[in-house]
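Peer 1: If you scroll down you'll find the structure; I have some questions about it.
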Amino acid sequence: MRNYQLVLVLRPSLKDTDRKKLLGTIKEWFKDAKITKEEEWGQKPLAYKIAKEVSGFYLNYFLEVEETLSKDLEKKLLAHDDVLRHLLIRVKVKGSSFAKASEDKQKLKVEDKKEVKAVKEKPKKEVKSKGKK
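Right, dumping it as structure tokens:
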């Protein structure tokens, strides 16, 4: 089993019921996979138009899948009209489970922000010019 991250961009014009139906179909495509984390990022603007759409509905999955299944999944995603774009990448994770690793990364970012302290600057003295006015 390998760890993958799948990011989907769906048509924003899909109704909630149609989107849920599509997601059910997609999840069935990787029913043999273990979904370790699922995130719904919502509707966001696109950097450029894709299939005459200016925004897309973003979803993010972390999966544990066999390599052959990932190739089949990618072919099916390419063929589906309501999936504007997708990105399926293999992610290497050391140690514990995949979802735990991403949560640890987020905790580190928060801790780094807490450690940063504001430094007060002393006002600089103004230098008067000796030239003619």
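Following numbering that gives the first Met the number 0, the numbering of the sequence shown begins with 0 at its first residue and continues without gaps.
C-beta atoms are modelled at their ideal positions from N, C-alpha and C, and glycine is treated no differently.
Everything numeric in this text was worked out from a predicted model, so none of it was measured.
Measure the Cβ-Cβ separation of Asn2 and Val90 and say whether it is below 8 angstroms.
Peer 2: For Asn2 and Val90, yes; Cβs fall inside 8 angstroms.
Peer 1: Give me the Cα-Cα distance between Glu125 and Tyr60, rounded to the nearest whole angstrom.
Peer 2: Going from the Cα of Glu125 to the Cα of Tyr60 covers about 57 angstroms.
Peer 1: Assign Ile25 to one of two classes, buried (16 or more other C-beta atoms within 10 Å of its C-beta) or exposed (fewer than that).
Peer 2: Result: buried.
Peer 1: Sorted by chain position, which residues of the same chain lie with C-beta nearer than 6 angstroms to Ile88's C-beta, five sequence neighbours on each side aside?
Peer 2: Once the five neighbours on either side are set aside, the close Cβ partners of Ile88 are Gln4.
Peer 1: Who pairs with Lys33 in a beta bridge, going by DSSP?
Peer 2: According to DSSP, Lys33 bridges with Glu63.
Peer 1: Would you identify the three-state DSSP class for Ala50, choosing helix, strand or coil?
Peer 2: If DSSP states are grouped into helix, strand and coil, Ala50 belongs with coil.
Peer 1: Go ahead and label Gly23 buried or exposed: buried means 16 or more other beta carbons lie within 10 angstroms of its beta carbon, across all protein chains shown.
Peer 2: Its Cβ having fewer than 16 others within 10 Å, Gly23 is exposed.
Peer 1: Does DSSP classify Arg18 as helix, strand or coil?
Peer 2: In the structure shown, Arg18 sits in a helix (DSSP, three-state: H, G or I).
Peer 1: Find the nearest neighbour of Gln42 within the set Thr67, Asp31, Glu65, Leu9, judged by alpha-carbon distance.
Peer 2: Of Thr67, Asp31, Glu65, Leu9, the residue nearest in Cα terms is Leu9.
Peer 1: Provide the residue(s) that pair with Ile88 in DSSP beta bridges, ordered along the chain.
Peer 2: Paired residues: Gln4.
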